[in-house]
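One structure is given below, encoded as structure tokens.
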Amino acid sequence: MWNKTPWPLGRHGGVMNNQVPKYITQARVSFLLGIPEADLSRISNESGLGHVERAGKEEETYFTHEELQRICLLAAHQMDALH
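Just so we're aligned: 73 in the numbering used here is position 21 of the sequence shown, and the numbers increase by one with no gaps anywhere.
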């Protein structure tokens with residue numbers, strides 16, 4: 053079963069600093085790649101990459117490290133096509 057918390061929790065509920073999160077938020081991926089979240093959302097929707105979690109009216113998209121790598125390739129390919 054997929055853990056609803058995308059990062060490992062420590063004994064007291066805090067994030068453990070010595071582990072790498074399994075999932076990366078859309079905002080962080082956008083920052084890392086230097087592309088607007090709207091563009092990242094479009095790439096995610098077109099490629100089927102990412103996992104959406106909903107809690108009430110809130111919604112967040114998470115990506116695995118493998119998906120981040122694929123998005124890098126897709127974004128680079130799209131930039132090459134524009135130039």
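A virtual CB, placed ideally from N, CA and C, is assigned to each residue, including glycine. Nothing here was measured: the structure is a model prediction, and the numbers come from that model.
What whole-angstrom Cβ distance do PRO101 and ILE123 have, given they're in contact under 8 Å?
Within the sequence shown, residue 101 is the residue found at index 49, counting from 1. Within the sequence shown, residue 123 is the residue found at index 71, counting from 1. In the sequence on display, residue 101 carries Leu and not Pro. About 6 Å; that satisfies the 8 Å criterion.
How many Å lie between ASP132 and LEU125 at the Cα?
Reading the sequence shown from its first residue, position 80 is the one you call residue 132. Reading the sequence shown from its first residue, position 73 is the one you call residue 125. Cα to Cα, the separation comes out at about 11 Å.
What's the call for PHE83, buried or exposed, on a 16-neighbour Cβ count within 10 Å?
The count along the sequence shown starts at 1 and reaches residue 83 at position 31. Exposed, by the Cβ-count rule.
Have a look at GLU98, PRO73, THR113 and flag the residue whose alpha-carbon is nearest the alpha-carbon of ALA127.
Counted from its first residue, the sequence shown places residue 127 at position 75. Considering only alpha carbons, the answer is GLU98.
Alpha carbon to alpha carbon, how far is ILE95 from HIS129? Give it in angstroms, no decimals.
Here residue 129 refers to the residue found at position 77 of the sequence shown. Here residue 95 refers to the residue found at position 43 of the sequence shown. One alpha carbon belongs to HIS129, the other to ILE95, and they sit about 11 Å apart.
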